[in-house]
Amino acid sequence: MRELVEMIVRALVDEPELVVVNEVEGERSVILEVRVAPDDLGKVIGKGGRIANALRTLVRAAGTKNQRSVWVDINKLAGPGSAGSEGVDEQRNS
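Residues 11 to 104, numbered by this note's numbering, are exactly what the sequence shown covers, in order.
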């Protein structure tokens, strides 16, 4: 699933080389942490969150095949002069 999310997000952004997708696995769930350049954040979230919700729907459908809950977090990469991973933390859908 990580590869699927990474491929889709890289196709959406202007700086695909800065896309980072981390997969955190739990016993019955998986969290995919997506980090993009600050200027690309809006492209991944979309107007009204439509793109982010569509991405979550796709990943959730793929996760049901393996009987796992999949959550997607979308944030901007920490850049020079910023402290940590501040940014938009999208709500997690189960």
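Ideal Cβ positions, reconstructed from N, Cα and C, are used throughout, including at glycine.
Supposed close pair Val40, Gly73 - CB separation, criterion 8 Å: Here residue 40 refers to the residue found at position 30 of the sequence shown. Here residue 73 refers to the residue found at position 63 of the sequence shown. With a beta-carbon spacing of about 7 Å, Val40 and Gly73 fall inside the 8 Å limit used to define contacts.
Spell out the partners DSSP gives Arg45 in its beta bridges. Start at 1 with the first residue of the sequence shown, and residue 45 comes out as number 35. BP columns for Arg45 point to Val30, Asn85.
For Ala62, does the count of other Cβ atoms within 10 angstroms reach 16, so buried, or fall short, so exposed? Working through the sequence shown from its first residue, we reach residue 62 at position 52. Label assigned to Ala62: buried.
Rounded distance between the beta-carbons of Met11 and Val126, thought under 8 Å: For residue 126 there is no data in the structure shown, the boundaries of the chain being 11 and 104.
Check this for me: beta carbons of Val23 and Val46, under 7 Å apart or not? Here residue 23 refers to the residue found at position 13 of the sequence shown. Here residue 46 refers to the residue found at position 36 of the sequence shown. Their beta carbons are under 7 Å apart, which means Val23 touches Val46 by this criterion.
Excluding the 5 residues flanking Val34 on each side, which residues of the same chain have their C-beta closer than 6 Å to its C-beta? As a working note, residue 34 is residue 24 in the sequence shown. Around Val34: Ile41.
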